[in-house]
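Worksheet for the structure shown next.
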Amino acid sequence: MFNNLLAKMGVGGAKVDLVLESNQWSIGETIRGYVNIQGGSAEQFINKIDVEFKMKYTTGEFEYMKSLNRIPVIFNTAIGVREHKQIPFETVIPLNVPISKNNVSYYFHTHLDISGAVDAYDNDYVQVTPNADMDNVFHALHQIGFHEKQSFGKYDGNKQEFEFYPPHHYSNVEELEIVLETTPTGVKLQLELDIKGYYRETELRQSIFIPSQVLQNHDELKSMLESKINEIISNYSMHQNNHQPMQNQPHYQPGHSYYGHHESHGHHHHEHHENHGHNNGHSNSNMMMGIAGGFAAGIIADEIFEEIFEDGDEENDDNED
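The UniProt record's numbering applies: residue 1 is where the sequence shown begins, and numbers increase by one.
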């Protein structure tokens with residue numbers, strides 16, 4: 001009787017312990033282990049045991065918890081005095097979760113629900129690592145000459161960004177950021193290149209899909225990524241060369257961005273350019289005709305270029321003189 005009372009208070013009661021084959025698992029991998037139940041000093045009735053896979057992450061000064069999966073283990077069973085039970089356990093790491101980094105951690109929370117007594121708990125932390133497809137992308141970028149920044153793998157609650165310093169031959173590139181989304185048939189990859197400029201930094205973005213057969217061929221993957229990065233930079237350079245301002249003033253205004261072609265959506269969104277060609281204090285019609293004749297080709301070409309490249313979300317400056 002006394003032992004039953006102590007067990008209900010949590011003293012000498014049943015215990016639970018999750019034992020995994022490893023504490024490090026890659027994205028998409030099946031985690032395996034056992035749930036060990038150890039009876040206490042009195043027989044007790046177990047309502048249920050479940051294991052919850054949880055992610056903890058921080059953004060700024062705030063900490064967040066997110067439940068990724070809850071795995072039922074056992075229901076409605078008795079555990080005798082000093083009895084030991086071992087139940088197999090397995091679950092799969094979801095494909096599109098962030099890998100473990102400074103601001104991201106994972107653990108399994110095992111809950112032993114005992115009828116009429118204090119419940120028992122067990123927490124087991126694990127490391128979630130990149131899968132083979134992600135590792136191959138990182139390796140290919142290393143071969144091109146990119147290397148990780150200190151903020152590599154920062155998670156903001158929605159996506160995890162991997163930032164790289166560029167190699168020396170990309171002298172106009174400030175950094176490369178990528179976001180990966182793994183699928184059963186390949187990887188969706190968003191590339192963002194930050195380009196240096198005199199007056200501001202320009203962001204060039206493009207999304208691509210890399211099929212599994214390319215991911216498994218290191219040379220082909222390296223060639224594909226290098227070619228795509230060069231293409232993004234080349235297209236931007238052509239955009240600058242073909243869309244020059246009509247007067248000697250900064251052409252790219254601060255606060256605007258250039259977006260590369262986003263293949264998965266099939267549209268362009270380029271930065272908004274404005275050309276100022278006012279001739280204050282002169283109303284002579286001959287002069288205006290001269291201006292029109294002198295700049296007609298440039299104006300027409302400029303307007304055609306804007307129609308092709310702008311996406312319709314331009315910001316109009318209503319405060320121009």
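Glycine included, every Cβ here is placed at the ideal spot set by N, Cα and C.
Computed from a predicted model, the values in this text were never measured in an experiment.
Query, Result
"Straight-line Cα distance separating Ser-207 from Glu-163", "16 Å"
"As assigned by DSSP and simplified to three states, the class of Asn-103", "coil"
"Continuous alpha helix (DSSP H) assignments of at least 4 residues falling wholly in the segment 119-165", "132-144"
"C-beta atoms of Met-134 and Val-104 nearer than 8 Å", "no"
"Inter-residue Cα distance where the pair is Phe-89 and Val-35", "6 Å"
"Rounded straight-line distance, which links the Cα of Val-179 to that of Lys-149", "14 Å"
"Exposure of Ser-234, with buried meaning 16 or more beta-carbon neighbours within 10 Å", "exposed"
"Residue burial classification, Gly-39 (beta-carbon count within 10 angstroms, cutoff 16)", "buried"
"Residue environment, Phe-62, which counts as buried when at least 16 other CB atoms sit within 10 Å", "exposed"
"Terminal residues of the beta strand (DSSP E) in which Asn-47 lies", "44-59"
"Residue nearest to Gly-33 in terms of C-alpha spacing, selected from Ala-14, Ser-22, Ile-27, Ser-26", "Ser-22"
"Coil, strand or helix - Glu-220 by DSSP", "helix"
"Backbone secondary structure at Asn-36 - three-state DSSP", "strand"
"Residues that DSSP places opposite Gly-186 in a beta bridge", "Thr-183, Pro-211"
"The segment 13-21 in contact with the segment 106-125 per 3-pair CB rule at 8 Å", "yes"
"At least three beta-carbon pairs within less than 8 Å, the segment 213-224 to the segment 117-131", "no"
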